[in-house]
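Below is one structure, written out as structure tokens; the observations come after it.
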Amino acid sequence: MLYAILCYHDEDLVGSWTREQDAAVMSKLAVVQDKLKKAGRLGPVARLLPTTAATTLRKDDPPVVLDGPYAETKEQLLGFYIVDCENLDDAIGVARDLGAANPGGAYEIRPVGLFQPGGTTE
Amino acid sequence: MTDSAWIDAALTSARPQAVGALLRYFRNLDTAEEAFQNACLRALKNWPQHGPPRDPAAWLIMVGRNVAIDEVRRSSKQQALPEDDVISDLDDAEEKLAERLDGSHYRDDILRLLFICCHPDLPATQQIALALRIVSGLTVKQIARAFLVSEAAMEQRITRAKARVASAGVPFETPGAVDRSERLAAVAAMIYLIFNEGYSASGETSEIRKPLCEEAIRLSRLLLRLFQSEPEIMGLTALLLLQHARAAARFDADGEIVLLDDQDRSLWNQKLIAEGLALIDKAMRHRRSGPYQVQAAIAALHARAARPEDTDWAQIDLLYGALEIMQPSPVVTLNRAVAVSKVRGAEAGLRMIEPLAERLSGYFHFFGVRGALLMRLGRNEEARVAFNRAIALANTSAEAAHIRTHLDRLIRDSTAPGT
Chain E
1 MLYAILCYHD
11 EDLVGSWTRE
21 QDAAVMSKLA
31 VVQDKLKKAG
41 RLGPVARLLP
51 TTAATTLRKD
61 DPPVVLDGPY
71 AETKEQLLGF
81 YIVDCENLDD
91 AIGVARDLGA
101 ANPGGAYEIR
111 PVGLFQPGGT
121 TE
Chain C
123 MTDSAWIDAA
133 LTSARPQAVG
143 ALLRYFRNLD
153 TAEEAFQNAC
163 LRALKNWPQH
173 GPPRDPAAWL
183 IMVGRNVAID
193 EVRRSSKQQA
203 LPEDDVISDL
213 DDAEEKLAER
223 LDGSHYRDDI
233 LRLLFICCHP
243 DLPATQQIAL
253 ALRIVSGLTV
263 KQIARAFLVS
273 EAAMEQRITR
283 AKARVASAGV
293 PFETPGAVDR
303 SERLAAVAAM
313 IYLIFNEGYS
323 ASGETSEIRK
333 PLCEEAIRLS
343 RLLLRLFQSE
353 PEIMGLTALL
363 LLQHARAAAR
373 FDADGEIVLL
383 DDQDRSLWNQ
393 KLIAEGLALI
403 DKAMRHRRSG
413 PYQVQAAIAA
423 LHARAARPED
433 TDWAQIDLLY
443 GALEIMQPSP
453 VVTLNRAVAV
463 SKVRGAEAGL
473 RMIEPLAERL
483 SGYFHFFGVR
493 GALLMRLGRN
503 EEARVAFNRA
513 IALANTSAEA
523 AHIRTHLDRL
533 IRDSTAPGT
């Protein structure tokens with residue numbers, strides 16, 4: 001089963017990391033990712049640009065374009081992983097490993113219903 | 123990350139909101155800063171043991187406020203009670219949850235904190251020093267280093283600036299829409315100044331002053347988080363990101379300036395460029411143009427050109443034309459002339475800058491551009507005069523060295539056989 005691991009964290013806080021701190025977190029995460037990749041379990045990984053770069057389209061009639069992210073929360077969606085896992089316990093285990101490499105914030109673990117890496121509709 | 127590194131980052135990111143709220147309670151900058159310092163000390167003791175609080179800023183505001191109130195109570199046993207308005211809003215100590223959720227409240231707190239640093243009585247350098255100290259929380263030592271002055275001199279500069287702000291009175295009422303947009307404009311201008319302090323550095327000082335650029339970007343993003351639909355704040359942030367993206371390519375190994383046309387574009391930071399382009403795209407949708415957006419749009423056209431010859435100079439000419447109308451200035455016209463010379467030739471560029479000669483008679487870049495245009499037209503003797511004038515006006519050794527390479531070329535050309 002594919003799981004999406006959605007990364008939430010306080011954007012101001014992550015933005016206050018020094019370049020060295022940021023690089024240290026990324027290299028620790030790379031260790032966890034490499035392990036998953038070697039096992040053939042890692043799908044796309046994305047780190048999103050700051051929410052200040054976000055735009056929201058509200059699908060009202062007519063649709064409304066708003067500046068900023070959809071949710072105004074203390075913690076923002078900053079990135080995500082797609083990982084192939086046996087079951088929820090397994091997915092929580094992966095999230096734990098990632099969390100140990102990058103403490104703070106939260107991961108939302110969501111089973112993937114439809115996955116089209118190339119956007120095909122076959 | 124170690125505990126202490128994590129806590130440092132948390133304290134830095136919470137600082138503007140926490141000091142801003144404490145300033146609202148105590149209405150005195152020194153008291154607010156001291157309360158924040160005390161709260162930080164407790165955080166350093168408490169957080170490693172009990173884990174980080176869910177909302178560090180709210181924690182620091184509560185603790186800072188309580189510690190300061192305790193101190194006032196303690197000292198009041200020896201002296202008369204302070205007047206009520208010295209400690210305002212004491213009653214809502216239970217309302218921390220409401221406080222945390224009230225985004226508009228802390229938005230104005232942070233804006234106020236930034237705004238008091240822009241007091242018109244303060245010279246630009248003091249505004250910047252004050253903002254870096256109070257809002258960013260850089261140490262006096264760090265700020266002194268960035269400004270290449272002694273710590274004692276910087277300490278004095280900041281103390282003076284604070285005294286002036288205190289005597290001018292801080293605007294505590296919640297601003298109305300007009301006030302808010304005026305504050306926003308003043309704060310944006312100050313952030314731009316901070317960036318320029320870092321950006322205009324060159325040679326060996328550029329590395330030391332780079333943190334100023336990064337801090338300006340952090341403040342600009344912070345402002346944009348608070349005012350998400352302000353196209354000019356998007357424009358400002360985009361401008362800073364796009365300019366800073368070129369940092370690694372702007373100087374060579376010897377600290378000499380590398381002009382845009384000669385920069386190794388593979389050294390440009392593509393992540394910053396992507397963010398800058400995303401922001402300017404968002405800003406343009408609002409169709410409320412302004413000087414930051416136009417300048418960002420110009421920077422975006424440079425960023426989008428994979429090679430110098432791909433640069434859309436005609437569009438840049440139009441954008442400078444728009445900027446000339448919004449913000450008439452001989453420096454803008456000078457920049458436009460560079461674009462014009464690329465589109466319509468050096469002759470046209472030269473014609474455009476001739477009327478500026480008097481107003482820019484003390485401006486290094488005027489003579490640099492004039493010399494370069496004359497050189498392109500083969501008017502080498504006049505070019506030499508202009509370059510010599512530029513060297514005399516150079517602000518940094520890197521600027522002077524750059525002009526000297528042109529002069530060397532002129533000499534080489536004039537002694538080369540067949541010319």
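Top to bottom, those sequences are chains E and C. Numbering-wise, my numbering puts 82 at position 82 of the first sequence, and it's gapless, one number per residue. Numbering-wise, my numbering puts 440 at position 318 of the second sequence, and it's gapless, one number per residue. Beta carbons are placed, not taken as given, at the ideal position from N, Cα and C, and that holds for glycine. Everything numeric in this text was worked out from a predicted model, so none of it was measured.
Query: Distance between Asp230 of chain C and Ile330 of chain C (C-alpha atoms, nearest Å); Result: 32 Å
Query: Buried versus exposed call for Arg187 of chain C [16 or more other C-beta atoms within 10 Å across all chains shown]; Result: buried
Query: Unbroken alpha helix (DSSP H) run spanning Tyr70 of chain E, endpoints; Result: That residue, Tyr70 of chain E, is in no alpha helix (DSSP H); it is neither H nor E in DSSP.
Query: Same chain only: Cβ atoms within 8 Å of Pro50 of chain E, ignoring 5 sequence neighbours per side; Result: Glu11 and Gly15
Query: Terminal residues of the beta strand (DSSP E) in which Pro174 of chain C lies; Result: Per DSSP, Pro174 of chain C belongs to no beta strand (DSSP E) and is neither H nor E.
Query: Range covered by the alpha helix (DSSP H) that runs through Arg137 of chain C; Result: Asp125 to Phe148
Query: Alpha-carbon spacing of Ile92 of chain E relative to Glu86 of chain E, whole angstroms; Result: 11 Å
Query: Neighbour flag for Asp12 of chain E against chain C, beta carbons, 7 Å; Result: yes
Query: Neighbouring residues, chain E, relative to Pro450 of chain C (Cβ below 8 Å); Result: None at all; the shortest Cβ gap to chain E is about 30 Å.
Query: Secondary structure of Phe80 of chain E, DSSP reduced to three states; Result: strand
Query: beta-carbon Asp434 of chain C near the ligand FMN non-hydrogen atom, thresh 6 Å; Result: Of the ligands one can find in the structure shown there are none, so the ligand FMN has no counterpart to examine.
Query: DSSP beta-bridge partners of Tyr8 of chain E; Result: E:Leu77 and E:Ala106
Query: Unbroken alpha helix (DSSP H) run spanning Val25 of chain E, endpoints; Result: Arg19 to Lys38
Query: Asp207 of chain C, buried or exposed, once every other Cβ within 10 Å from all chains shown has been counted against 16; Result: Residue confidence for Asp207 of chain C is low, a pLDDT of 48 falling below 50, so the modelled location carries little weight and cannot support an answer.
Query: Assigned exposure category for Leu515 of chain C - 16 Cβ within 10 Å defines buried; Result: buried
Query: Three-state secondary structure assigned by DSSP to Arg195 of chain C; Result: helix
Query: Min CB distance Ala53 of chain E to chain C below 7 Å; Result: yes
Query: Glu521 of chain C, DSSP secondary structure in three states; Result: helix
Query: Min CB distance Ser16 of chain E to chain C below 7 Å; Result: yes
Query: Cβ-based burial, Asp177 of chain C [other Cβ within 10 Å; buried from 16]; Result: buried
Query: Host beta strand (DSSP E) of Gly500 of chain C (start-end); Result: First-last for Gly500 of chain C: undefined, no H or E at that position.
Query: Closest Cα partner of Gly259 of chain C within the set C:Pro333, C:Leu306 and C:Ala290; Result: C:Pro333
Query: Exposure of His9 of chain E, with buried meaning 16 or more beta-carbon neighbours within 10 Å; Result: buried
Query: Residue range of the unbroken alpha helix (DSSP H) whose run includes Thr247 of chain C; Result: Ala246 to Ile256
Query: Chain E within 7 Å of Glu397 of chain C, Cβ atoms only; Result: yes
Query: Rounded separation between Cys7 of chain E and Ile232 of chain C - CA only; Result: 27 Å
Query: CB contact check: Ala220 of chain C to chain E, cutoff 7 Å; Result: In this prediction, Ala220 of chain C has a pLDDT of 45, which is less than 50 and means its spatial position is unreliable; what the coordinates show is noted afterwards. So, not an interface residue.
Query: Contact set for Gln385 of chain C: own chain, Cβ-Cβ below 6 Å, skip 5 residues either direction; Result: Ala371
Query: Chain-order list of residues whose beta-carbon lies under 8 Å from that of Val262 of chain C (same chain, five-residue window excluded); Result: Arg255, Glu273, Met276, Glu277 and Ile280
Query: Proximity winner among C:Thr518, C:Glu521, C:Phe488 and C:Thr527, relative to Ala508 of chain C (alpha-carbon distances); Result: C:Phe488
Query: Sub-7 Å separation of Leu445 of chain C and Val465 of chain C beta-carbons; Result: no
Query: According to DSSP, residues forming a beta bridge with Ile183 of chain C; Result: Answer is none; Ile183 of chain C lacks a bridge partner.
Query: Option nearest Arg282 of chain C by Cα separation, candidates C:Gly471, C:Thr247 and C:Ala436; Result: C:Thr247
Query: Beta-carbon separation (whole angstroms), Ile5 of chain E vs Phe80 of chain E, contact threshold 8 Å; Result: 6 Å
Query: is_contact[Lys404 of chain C, chain E] using C-beta, thresh 7 Å; Result: yes
Query: CB contact check: Glu217 of chain C to chain E, cutoff 7 Å; Result: Note that Glu217 of chain C scores a pLDDT of 47, beneath 50, so its modelled location is shaky and nothing firm can be said.
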